[in-house]
Amino acid sequence: CTELGLVCKRDQWSGKAGSCGKIAANAQLKVIDIDTGVTLGPNEEGEVCGKTQYRMVGYYKNPEMTAAVIDNE
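Each residue of the sequence shown is one higher than the one before, counting from 1 in UniProt numbering.
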């Protein structure tokens, strides 16, 4: 597991059991099938992918590794 940075915020008054909070402003999350890369729907298990204005742009001088871990979305 890799840290996503600030993508969720916790609100003590509106949390649900098992929740990590709500998506933070200017953040995007999706869950994908780990084998196919297809975006999954609610309550389906998969890999959590996040995007914020604070995430890295890519690996320094390594476009192949960047393409392997960062998609167009």
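C-beta atoms are modelled at their ideal positions from N, C-alpha and C, and glycine is treated no differently.
Open item on the list: Whole angstroms are fine: how far does the CA of VAL48 sit from the CA of THR39?
Closed with: For the purposes of this step, residue 39 is taken as the residue at position 39 of the sequence shown. For the purposes of this step, residue 48 is taken as the residue at position 48 of the sequence shown. Straight-line Cα distance between these residues: approximately 10 Å.
Open item on the list: If you measure between the beta carbons of GLY50 and GLN28, is that distance less than 8 Å?
Closed with: In the sequence shown, the residue the question calls residue 50 occupies position 50. In the sequence shown, the residue the question calls residue 28 occupies position 28. Cβ atoms of GLY50 and GLN28: closer than 8 Å.
- [ ] Return the first residue and the last residue of the beta strand (DSSP E) that VAL69 is part of.
- [x] Looking up residue 69 in the sequence shown gives position 69. Counting along the chain, VAL69 falls outside any beta strand (DSSP E), though it belongs to the alpha helix (DSSP H) covering 63-69.
TODO: State the start and end residues of the unbroken beta strand (DSSP E) segment that holds GLN53.
DONE: What you label residue 53 is simply residue 53 of the sequence shown in a count that begins at 1. From DSSP, GLN53 is part of no beta strand (DSSP E); its letter is neither H nor E.
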